[in-house]
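Numbering (my numbering), first residue to last: 1 to 462. Idealized CB from N, CA, C, for every residue including glycine. Values in this document were obtained by computation on a predicted structure and should not be read as measured data. Notes to accompany the following structure.
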Amino acid sequence: MSSKIDIPTLFVEQMRGELGDAEVAQLVGALAGEEQPTSIRHNPHKGYTSLGADSTPVEWCQWGEYLAQRPRFTTDPHFQAGGYYVQEAASMFVGHLLSEAYGGELPEGVRVLDMCAAPGGKSTLYATMVGNKGVVVANEVIRPRALTLADNIMKWGLGNTIVTNNDPAHFAGSLEGWFDVVAVDAPCSGEGMFRKSDEARTEWSPDNVKLCAARQRRIMADAWKALRPGGVFIYSTCTFNRTENEDNMAWLCSEMGAERVEIAPLPDHWGVVRTVAEEAECFHFYPHRTKGEGLFAAIVRKGGESTRGKSPKARKSPFAEVDKSGLRTIEGVLREPKQTKVVAIGESIYAYPAAHWADMRTVCEQMSVLYSGVRVGELFGRKFKPDHALALSTALRTEAFNVVELTLDDALNYLRRQELGNIGALAEGINLLTYERQPIGFTKRIGTRTNSLMPKELRILQ
Ligand code: SAM
Numbered sequence: 001m002s003s004k005i006d007i008p009t010l011f012v013e014q015m016r017g018e019l020g021d022a023e024v025a026q027l028v029g030a031l032a033g034e035e036q037p038t039s040i041r042h043n044p045h046k047g048y049t050s051l052g053a054d055s056t057p058v059e060w061c062q063w064g065e066y067l068a069q070r071p072r073f074t075t076d077p078h079f080q081a082g083g084y085y086v087q088e089a090a091s092m093f094v095g096h097l098l099s100e101a102y103g104g105e106l107p108e109g110v111r112v113l114d115m116c117a118a119p120g121g122k123s124t125l126y127a128t129m130v131g132n133k134g135v136v137v138a139n140e141v142i143r144p145r146a147l148t149l150a151d152n153i154m155k156w157g158l159g160n161t162i163v164t165n166n167d168p169a170h171f172a173g174s175l176e177g178w179f180d181v182v183a184v185d186a187p188c189s190g191e192g193m194f195r196k197s198d199e200a201r202t203e204w205s206p207d208n209v210k211l212c213a214a215r216q217r218r219i220m221a222d223a224w225k226a227l228r229p230g231g232v233f234i235y236s237t238c239t240f241n242r243t244e245n246e247d248n249m250a251w252l253c254s255e256m257g258a259e260r261v262e263i264a265p266l267p268d269h270w271g272v273v274r275t276v277a278e279e280a281e282c283f284h285f286y287p288h289r290t291k292g293e294g295l296f297a298a299i300v301r302k303g304g305e306s307t308r309g310k311s312p313k314a315r316k317s318p319f320a321e322v323d324k325s326g327l328r329t330i331e332g333v334l335r336e337p338k339q340t341k342v343v344a345i346g347e348s349i350y351a352y353p354a355a356h357w358a359d360m361r362t363v364c365e366q367m368s369v370l371y372s373g374v375r376v377g378e379l380f381g382r383k384f385k386p387d388h389a390l391a392l393s394t395a396l397r398t399e400a401f402n403v404v405e406l407t408l409d410d411a412l413n414y415l416r417r418q419e420l421g422n423i424g425a426l427a428e429g430i431n432l433l434t435y436e437r438q439p440i441g442f443t444k445r446i447g448t449r450t451n452s453l454m455p456k457e458l459r460i461l462q
């Protein structure tokens, strides 16, 4: 087993015990090798379809695509505008499980909680799948990571998602039995990331595997409480060992009484290895068998009578109504004003899908929220200042603004927050800027100058 990357010896021993000699040699060969496939997932709500003629589909995700080369994503305006998300291919499989659990179609009013969500790969996938049918709560306990998550959700632009910064125990306490789907993409020992991350290799130890497994059980127990009876529970890690994967699922089933979710046979050529732990259907992605990094995913249903927990009473509401003239202004910039609930939080105006406003309000009143719905902008009397988030949102009515299509160079200047060159095309006041017809932000022209409305912290530095 010659390797360019040092794979921990005790890890090899551990996996030899689980997989046998021949398979472990292949696994270590793949982990120590150089091949690192690049994949992205499109944002179908923004109409984004493909990056390259020589890219190939990710078979378990209709929006997934392997790229032949790794481009510089940072300097692609479509990436900055949430046209696609750079996501490791195996991770997209959780969407396949969710789809299977509901026979292909998620139900109207569905409530999804992604408990360990930063930086947002799986949350943006769930948000795509939920679309206008329901609500996704993307939670992250570590604040700086939750802020990154909020930026990514804002860029994805669907308006059906709430970003929270809570400990899993808060969900168990305040929203018990409230969610139809709870996903735990648990912090883990990261064996599946060995070829991508030096840190994953150097921090790995048998003791750390045990520590991770204990922490995972605590998160799973809280997450389980937030799930309604009859609801779907999806557990995933990016590690291979049984302790953090099958053993935890077996523990969940025996302690909590989970039921089987039938998952149809997968095509052999996907290379996914199926196992069973009590009632849990389990799936392993190994890099020597599938094109992607390591992933474990499992699914069960919560037993018991199929009812939702009652929505709790509001603790304190962050929302205020917007007056009639303000509403008229805001409705003018929205694509579907009749289907949208518009409210104020402090100085900012937010928009929510009206059909799910009650659910979104409940979460916002109970949890520590960093972003929700779409931040539309601010009203100063009759004057309206749009927020960057509105430009990247599918709720935007583009015709409400003077639209200026930019060249690649100008789009990059804008994204770097540099002065724009083509001032002649810009109308006095607010302009919506697009690149290949995809909105990328607003700028305000005042005479010969432009003021970017893109927040400084989002500017690209390359
Ligand atoms: N789901 C994310 C995605 O697809 O982009 C990746 C999530 S990552 C595997 C696990 C996350 O769990 C990290 O963001 C980490 O900060 C968070 N985490 C760490 N400790 C936690 C805890 N005690 N409870 C809940 N989440 C925790």
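*Buried or exposed by the 16-neighbour rule on C-beta atoms within 10 Å, applied to residue 443*: buried
*Are there 16 or more other CB atoms within 10 angstroms of the CB of residue 161, so buried, or fewer, so exposed?*
buried
_Enclosing alpha helix (DSSP H) for residue 438 [first to last residue]_ = That residue, residue 438, is in no alpha helix (DSSP H); its beta strand (DSSP E) goes 438–446.
*Find out if the Cβ-Cβ distance for the pair residue 489, residue 126 is shorter than 9 Å.*
The requested residue 489 does not occur in the structure, where the chain is confined to residues 1 to 462.
*Pick helix, strand or coil for residue 401, following the three-state DSSP scheme.*
coil
*Please confirm whether any heavy atom of ligand 1 lies closer than 8 Å to the CB of residue 167.*
yes
*residue 238: beta carbon under 8 Å from a heavy atom of ligand 1?*
yes
*Whole beta strand (DSSP E) elements within the stretch 86–161, 3-residue minimum*: 111–114 and 135–139
*asked:* Just checking residue 345 against ligand 1 - is the residue's beta carbon closer than 8 Å to any of the ligand's heavy atoms?
replied: no
*Cβ-Cβ distance between residue 238 and residue 91 below 9 Å*: yes
_Three-state secondary structure (DSSP) of residue 180_ = strand
_Residue ranges of each beta strand (DSSP E) within the stretch 36–82, 3 or longer_ = 38–42 and 64–67
*asked:* For the structure I just gave you, are there three or more beta carbon pairs, one from the stretch 24–33 and one from the stretch 44–64, closer than 8 Å?
replied: no
*May I ask you to verify whether the stretch 365–372 touches the stretch 160–176, counting CB pairs closer than 8 Å and requiring at least 3?*
yes
*Distance CB(residue 157)-CB(residue 392) smaller than 9 Å*: yes
*State yes or no: is the C-beta of residue 117 nearer than 8 Å to some heavy atom of ligand 1?*
yes
*Identify the residues that DSSP records as bridge partners of residue 353: which are they?*
340
*What are the boundary residues of the alpha helix (DSSP H) that includes residue 303?*
That residue, residue 303, is in no alpha helix (DSSP H); it is neither H nor E in DSSP.
*Closer than 6 Å by C-beta to residue 383: which residues in its own chain qualify, once you throw out the five before and the five after it? Chain order, please.*
none
*asked:* Using only the alpha-carbon positions, how far apart do residue 441 and residue 434 sit?
replied: 7 Å
_Any non-hydrogen atom of ligand 1 closer than 8 Å to residue 163 Cβ_ = no
*What is the DSSP secondary structure of residue 394, counted as helix, strand or coil?*
coil
*Is residue 3 buried or exposed, if buried means 16 or more other CB atoms sit within 10 Å of its CB?*
Its pLDDT being 45, under 50, residue 3 is placed unreliably in this model, and the value from its coordinates should be taken loosely. Result: exposed.
*Determine the direct distance from the alpha carbon of residue 147 to that of residue 462, and round the result to whole angstroms.*
21 Å
*Could you check if residue 398 is buried or exposed, using at least 16 other CB atoms within 10 Å of its CB as the buried criterion?*
exposed
*Determine the burial state of residue 315: buried for a count of at least 16 other Cβ atoms within 10 Å of its Cβ, exposed for fewer.*
exposed
*Are residue 184 and residue 110 close, meaning C-beta to C-beta below 9 Å?*
no
*asked:* Can you tell me whether residue 123 sits near ligand 1, meaning its C-beta is under 8 Å from at least one heavy atom of the ligand?
replied: yes
*How about residue 140: is its Cβ closer than 8 Å to a heavy atom in ligand 1?*
yes
*asked:* ligand 1 and residue 64: does any heavy atom of the ligand fall closer than 8 Å to the residue's C-beta?
replied: no
*asked:* Whether or not the stretch 343–354 and the stretch 318–327 are in contact is what I'm after, with contact meaning three or more pairs of Cβ atoms, one per stretch, closer than 8 Å; do they touch?
replied: yes
_Expected contact under 8 Å - CB spacing of residue 10 and residue 206 to nearest Å_ = 6 Å
*Would you be able to state if there are at least three C-beta pairs under 8 Å between the stretch 130–137 and the stretch 344–364?*
yes
*Looking at the structure shown, is residue 278 part of a helix, part of a strand, or coil, going by DSSP?*
coil
*With burial defined as no fewer than 16 other Cβ atoms inside 10 Å of the residue's Cβ, what is the status of residue 13: buried or exposed?*
exposed
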